[in-house]
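Just below is one structure, and these are the notes that go with it.
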Amino acid sequence: MDTERTRAALAIRKGQGAQLGNRTNLAAAQATGSARTAAAALRFAQNTTPLIEQVRASGVTSLRGIASILNARGVRTARGGKWAAMQVGAVLRRMEVDC
């Protein structure tokens, strides 16, 4: 019932020429969100790189091997999951670009 009334009211407003939704700041909101995501990724990479370098110093140089050791140590990814070779590579690439 409420859904039908809402849809009907919005249809009337739209018929009157009203602009529905907030499109005025979409680009700015997307840019802000992207910047925050990139900043969080950089912080995570900065915190994780010393651990990866420590594993490399121990003689393990393959991305798969590093991921395996990080998982064995209980280190979680940025999203709380287990490491894979691609994620290790992404962290290392991020630090090459941003440092």
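Just so you know, we're using the numbering used here here: the sequence shown kicks off at 1364 and counts up by one. Each residue gets a CB set at the ideal place from its N, CA and C atoms; glycine is no exception.
Margin query: Alpha carbons only, please: which of A1403, G1428, F1407 is nearest the one belonging to A1447?
Written below: For the purposes of this step, residue 1447 is taken as the residue at position 84 of the sequence shown. Comparing Cα positions, the closest option is G1428.
Next item on the list: Confirm, please, whether the CB-CB distance from V1451 to A1408 is below 8 Å.
Entry: Counted from its first residue, the sequence shown places residue 1408 at position 45. Counted from its first residue, the sequence shown places residue 1451 at position 88. No. Outside cutoff.
Margin query: Within 10 Å of its beta-carbon, does A1402 have 16 or more other beta-carbons around it, so buried, or fewer, so exposed?
Written below: On the sequence shown, residue 1402 is found 39 positions in, with the first residue counted as 1. Counting Cβ neighbours within 10 Å, A1402 comes out exposed, since fewer than 16 surround it.
Next item on the list: Determine the burial state of A1374: buried for a count of at least 16 other Cβ atoms within 10 Å of its Cβ, exposed for fewer.
Entry: Position 11 of the sequence shown holds residue 1374. Under this definition A1374 is an exposed residue.
Check: If you draw a straight line from the C-alpha of R1439 to the C-alpha of V1423, how long is it?
Finding: Looking up residue 1439 in the sequence shown gives position 76. Looking up residue 1423 in the sequence shown gives position 60. So the alpha carbons of these two residues sit roughly 19 Å apart.
Check: Between N1434 and the rest of its own chain, which residues show a CB-CB distance below 7 Å, the 5 nearest in sequence each way excluded?
Finding: Working through the sequence shown from its first residue, we reach residue 1434 at position 71. These residues qualify, in order along the chain: K1445, W1446.
Check: According to the neighbour-count rule (16 or more other Cβ atoms, all chains shown, within 10 Å of its Cβ), is L1497 buried or exposed?
Finding: One cannot answer for residue 1497 here, as it falls past the ends of the chain, which runs 1364 to 1462.
Check: A1441 and A1404: beta carbons closer than 8 Å?
Finding: Within the sequence shown, the letter at position 78 stands for residue 1441. Within the sequence shown, the letter at position 41 stands for residue 1404. Yes; because the gap between Cβ atoms is below 8 Å, this pair is in contact.
Notebook entry, point to check: Would L1411 be called buried (16 or more neighbouring beta carbons within 10 Å of its own) or exposed?
Noted result: Mapped onto the sequence shown, residue 1411 falls at position 48. Just to set this straight, residue 1411 is Thr in the shown sequence, not Leu. Label assigned to T1411: buried.
Check: How would you write the range of the alpha helix (DSSP H) that R1439 sits in, first residue to last?
Finding: On the sequence shown, position 76 is the one that residue 1439 refers to. If you look at R1439, you'll find it isn't in any alpha helix (DSSP H); DSSP assigns it neither H nor E.
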